[in-house]
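Heads up, the sequence shown is in the numbering used here, so the first residue is 1 and it goes up one at a time. Every residue gets a Cβ at the ideal spot worked out from N, C-alpha and C, and that includes glycine. Keep in mind the model is a prediction, meaning the values are calculated, not measured. What follows is one structure encoded as structure tokens, with my remarks underneath.
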Amino acid sequence: MALTVKPLSERFGAEISGVDISQPLDEATKQEIRDLQNRWGVTVWRDTGLDDASHVAFSRLFGHVELSPTHGKAPRFSEPELFDATNIDRDGSIIDNPNRRLINAGNRLWHIDSSYMDVRSKEAALLCHEAPPISAPTWFADARSAYDDLPQAMKDRIGGLTARHCYFYSRMKAGYPTNEEELDAMPHAHQPVVLDHRWSGRKTLYLGNHARDIVGMSREQGRALIEELNDWITQDKYLISVEYQAGDMSIWDNLAVMHRAGEYDDTLYRRDMRRTTIREPGVEAADDHFTTMFASSFRRAEA
């Protein structure tokens, strides 16, 4: 059966249907799905029928699926590749740990998954298991079109620049109790401000709120530039949002888009979301480098 593509905006995002992705797929269909992902940056799949195991199995279509960091505890799910993007504890109750809630609050800032890692992530596949009875979307920003539309003077200014990214910098901005001195002792990753997206032949802006500094600039100048570019990428004309019901999934390309969680009262409503993270193709790294990164931080995300 042929895939059906329903664009969500002119240049960015599409809802895909026409194939049962809970079942094994032939190679031609797999390649078509990869091509659509590279073309649109975000794809949305409704009523997928995926469970934890088939979610991980489908994600392997895009490449190496990362292990979720354990934080010294046994994972909540049967599949160790599933990142816990929920607001509920192991017993199903809504999280009341203040630090955990502050960690999760950082997801409501515009960011790129794993930009704080030396090993970048490409696709992420977020599957809804339980949605609240109110709006609780994921927002996405088209960083490729945002780069395309930059004035040439800005393109010339930022070409070749490098930013330092730190996970706990975004958490500090969201209110997590840390400071600049503590951040200095934590792991950082150096990333190009302008990234070549070789799968589409385009360039993209690779920033977000994990980006802390610009190499070779004063902190004040670097942060001003980061904020200017983040604001440019997140103009309304580059945005789409995705709402969920149980069984719905969004897949986004972290090397082409920024995203953030939408606002809702996470002290009142349960929201069970589980994510796989697919490594940038062609990159070799240890299987459990997320756990290693968090373990080497001065602080660790509360689990």
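Where does Leu36 fall in DSSP's three states? helix
Report the rounded CA-to-CA distance for Ile240 versus Pro98, giving the unit in angstroms. 30 Å
Within the chosen definition, does the segment 250-265 reach the segment 116-136 through at least 3 CB pairs nearer than 8 Å? yes
Suppose you measure from the CA of Tyr169 to the CA of Tyr206; what does that come to, to the nearest Å? 16 Å
Run through DSSP, which three-state label would His188 get? coil
In the DSSP output, which residue or residues are listed as bridge partners for Glu329? The question about residue 329 has no answer here: the residues shown for the chain are numbered 1 through 303.
Quick one: Cα of Ser297 to Cα of Asp184, how far? 10 Å
Just to confirm the assignment, what range does the alpha helix (DSSP H) spanning His289 have? 289-295
Pull up the DSSP beta-bridge partners for Ala125, would you. Ile251, Thr276
CB-CB under 6 Å to Arg275, same chain, minus the five flanking residues each way: which ones, in chain order? Phe83, Ala85, Ala124, Leu126
Coarse secondary structure for Ala303, derived from DSSP in three states: Confidence at Ala303 is low in this model, with a pLDDT of 45, below 50, so its placement is unreliable and the value that follows should be read with caution. DSSP places Ala303 in coil when its eight states are reduced to three.
Rounded straight-line distance, which links the Cα of Tyr147 to that of Ala211: 17 Å
Out of Gln31, Val5, Ala286, state which residue places its alpha-carbon closest to the alpha-carbon of Trp199. Gln31
Using only the alpha-carbon positions, how far apart do Pro132 and Arg270 sit? 6 Å
Closest residue to Leu25 among Asp47, Phe58, Glu15, Arg39 (Cα-Cα distance): Phe58
Where the beta strand (DSSP E) through Ala261 begins and ends: 257-261
Based on Cα-Cα distance, which residue from Glu27, Phe12, Leu50, Arg90 lies nearest to Ile233? Phe12
Are Trp45 and Asp248 close, meaning C-beta to C-beta below 8 Å? yes
Cα separation between Asp142 and Ala256? 7 Å
Over the uninterrupted alpha helix (DSSP H) stretch that includes Leu225, give me the two end residues. 219-233
Relative to the alpha-carbon of Phe140, which residue among Ser9, His64, Tyr116 has its alpha-carbon at the smallest distance? Ser9
In three-state DSSP terms, what is Ser114? coil
Can the beta-carbon of Leu50 be found less than 8 Å from the beta-carbon of Ser22? yes
Indicate the three-state DSSP secondary structure (helix, strand or coil) for Ala163 in the structure shown. strand
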